[in-house]
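To start, the structure under review is shown below, and the notes come after it.
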Amino acid sequence: MSSENPQFDILLGGTEELPQDLTLMRYASNRAQEILSLTEALQEPRKTGLVFQRLPRHMRRRVMSHNAKRMPRQLREAHISQMEKSGVPPKSKRPSRKYRRRPSNLLDAYNRRQKENIWLETHIWHAKRFHMTNKWGYRLANFPNDKSKRACYRAAVNHCLIQDISYYKCIELSGELECISNGLKLLTRDECGRTFCAKTWLNGGTEGSVTVFHSDTAYPCGAIGQVLFLWRPIVTERVESRYLSEEMESSVLQKGRTIWIWIHPSYYKEVLEELMKVFKMKLSSSVRFHKDDLEPSMKKPKLGSSISESESKDVLPNLEVSAEKELDVRLFSHAGPHYEGKGVQMTLLEDKLVRLRLTGPLSQAVLRETFVLAPGRHEEDSSWVTQWEEVFKCQHKMWEMMSRYTSPAMMSPHMVIGLTILDPRCNLPAKRTKAVDQDASESGI
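Residues in the sequence shown are numbered from 939 upward in steps of one, following this note's numbering.
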């Protein structure tokens, strides 16, 4: 049985006649109580509901349950009051980022994180842009996060591409030239071409490369790998001896020559073992230091302490450093392990030097814009600057001549140039610029 719904409108057969117009203010005032109760019902949460449940599902976040700042501002106060009623203990405010990133903490964290795998000087820059991998005891960049193969190719062909190869490990050999050459001959083969003591490389003007072999094998067996090396220039040794007395000059010249060998870390241990075997190296117990490097506690014993003569010899060994040791030019005050053999001394300088490789036609332009040579002599300069004044003049002349070169191909390959420059960070441009060829800049291209 079905019945039709009753109609109220008179036009549809009902009895009620609807008004022709409506006064909005009168209508709202008559129903103000209804609107107010509806608004309160929407704002006040239910007994079984939470404030963040009013939000649409796509706006809800799990973190809202413990972080009120993730809520919209209109509902934030109600949410905070609800959290306080729930009895959740308020979290103490953590120290500021400035406090957490103090220099001491940064240095500790930097050293702690590279205990197992050593970081290069450019690690932070590469870690932000590359996938890193552990290789040969270093944390190295494996491949970039973005597609940069074409950019690297364009930089190498048209501009300049820089690579950090500081993972190459350096070994310093010093002693008489005959002793060094006799030992290194056992690690090279004449069939491979020039050796360590070739005249082309012996003067220290160019960097050389040879293939190193095991000393107890015959060619072509027993190859270890290719190494790079550089003899300490003879000119530098002559300049040093120029400002010495005759007795000191003879002592300096008796030290002979110095060679630095850079080895790839994959076969560094093999080469090191061969060098120790050839020169019969032993770890040196004597430590070289300067008077100024001594700590105050080492220079003199504390008051009230009784030390006998025999104990003082053991505690303070050879405090009076001779002039010969003071004139011994070292790369670093804290060098690596020192070994001594028959007429040859070996110092491990691994992870002490930074080595960068620049590839591209504008490599010379990049160096010209980056390097600023140290200024000339001043009245207040030390005696060290006075002794090396002629060397500084030669550097300035050489750099002025090289600044005119428009391509690295205009210089001899593997050429070695020694420069004394200012800190490049002090000469950074205010706005990032791109190094261009000098001829192109003059022509306005």
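Idealized CB from N, CA, C, for every residue including glycine. Owing to the predicted nature of the structure, the values given are computational and were not obtained by experimental measurement.
Practice problem: Pull up the DSSP beta-bridge partners for Asn1072, would you. | Solution: Arg1077
Practice problem: Flag this pair as yes or no: are the beta carbons of His1202 and Gly1146 separated by less than 8 angstroms? | Solution: no
Quiz item: Helix or strand or just coil, what does DSSP make of Arg1000?
Solution: helix
Quiz item: Going by the CB atoms, is the gap between Ile1056 and Leu1287 shorter than 8 angstroms?
Solution: no
Practice problem: Taking Arg992 as the reference, give the member of Arg1008, Ala1006, Leu1013 and Asn1005 with the closest Cα. | Solution: Leu1013
Quiz item: Out of curiosity, what's the CA-to-CA distance linking Gln1283 and Val1209?
Solution: 16 angstroms
Practice problem: Spatial neighbours of Ser1345 within its chain, please: CB distance less than 6 angstroms, with the 5 preceding and 5 following residues excluded, ordered by chain position. | Solution: Pro1299
Exercise. Measure the C-alpha to C-alpha separation of Thr1308 and Glu1015 and round it to an integer number of angstroms.
Key: 56 angstroms
Quiz item: Thinking C-beta only, is Phe1151 closer than 8 angstroms to Thr1126?
Solution: yes
Practice problem: Return the first residue and the last residue of the beta strand (DSSP E) that Lys1107 is part of. | Solution: Lys1107 to Gly1113
Quiz prompt | Contacts around Val1216, its chain only, beta-carbon distance under 6 angstroms, and the 5 residues preceding and following it disregarded | solution = Gly1121, Leu1124 and Ser1153
Quiz item: Is Ser967 helix, strand or coil by DSSP?
Solution: helix
Exercise. Pick helix, strand or coil for Leu1286, following the three-state DSSP scheme.
Key: strand
Quiz prompt | Coarse secondary structure for Trp1057, derived from DSSP in three states | solution = strand
Quiz prompt | Pick from Ile1199, Lys1023, His1352 and Ala966 that is closest to Val989, judged by C-alpha positions | solution = Lys1023
Quiz item: How far does the alpha helix (DSSP H) with Val1374 in it reach, from first residue to last?
Solution: Segment: none, Val1374 is in no alpha helix (DSSP H) and carries neither H nor E.
Practice problem: Mark Glu1212 as exposed unless 16 or more other C-beta atoms lie within 10 angstroms of its C-beta, in which case mark it buried. | Solution: buried
Quiz item: Around the Cβ of Asn1141, are there at least 16 other Cβ atoms within 10 angstroms (buried) or fewer (exposed)?
Solution: exposed
Quiz item: So, using beta-carbon positions, are Thr1423 and Ala1094 closer together than 8 angstroms?
Solution: Since the first and last residues shown for the chain are 939 and 1383, residue 1423 lies out of range.
Self-check item: Ordered list of beta strand (DSSP E) runs contained in the segment 1123-1171, each at least 3 residues
Solution: 1146-1151 and 1161-1169
Quiz item: In the DSSP assignment, what are the bridge partners of Leu1296?
Solution: Ile1100
Exercise. Measure the alpha-carbon distance for Ile1103 versus Lys1073 and round it to whole angstroms.
Key: 13 angstroms
Quiz item: Do you know whose CA, among Asp1128, Ile1172, Asn1083 and Phe1134, lies nearest Tyr1157's CA?
Solution: Asp1128
Quiz item: Whose CA, out of Ser1112, Met963 and His1064, lies closest to the CA of Tyr1084?
Solution: Note that residue 1084 is Asp in the sequence shown here, rather than Tyr. If we check each option's Cα against that of Asp1084, His1064 comes out closest.
Exercise. Could you please give the first and the last residue of the uninterrupted alpha helix (DSSP H) stretch that includes Thr1308?
Key: Ser1301 to Thr1308
Quiz item: Between the C-alpha atoms of Ala1161 and Thr1149, what's the straight-line distance to the nearest angstrom?
Solution: 7 angstroms
Quiz item: When DSSP builds the beta bridges, which residues end up paired with Thr1196?
Solution: Ser1112
Practice problem: Between the Cα of Leu1221 and those of Lys1280, Asn968, Tyr1205 and Pro1275, spot the shortest distance and give me the residue it belongs to. | Solution: Pro1275
Practice problem: Return helix, strand or coil for His1352, following the three-state DSSP convention. | Solution: coil
Practice problem: List the residues that DSSP assigns as beta-bridge partners of Tyr1277. | Solution: Leu1221 and Met1284
Quiz item: Any heavy atom of the ligand HEM within a distance shorter than 7 angstroms of the CB on Asn1005?
Solution: Of the ligands one can find in the structure shown there are none, so the ligand HEM has no counterpart to examine.
Self-check item: Counted within 10 angstroms of its Cβ, other Cβ atoms place His996 as buried (16 or more) or exposed
Solution: exposed
Quiz item: Excluding the five sequence neighbours on either side, which residues of its own chain have a C-beta within less than 8 angstroms of the C-beta of Ser1204, listed in chain order?
Solution: Trp1074 and Gly1163
Quiz item: Taking Leu1311 as the reference, which of Tyr1091, Arg1067 and Cys1332 has the closest Cα?
Solution: Cys1332
Self-check item: For Glu1328, the residue or residues it bridges with in DSSP
Solution: Its beta-bridge partners do not exist; DSSP assigns none.
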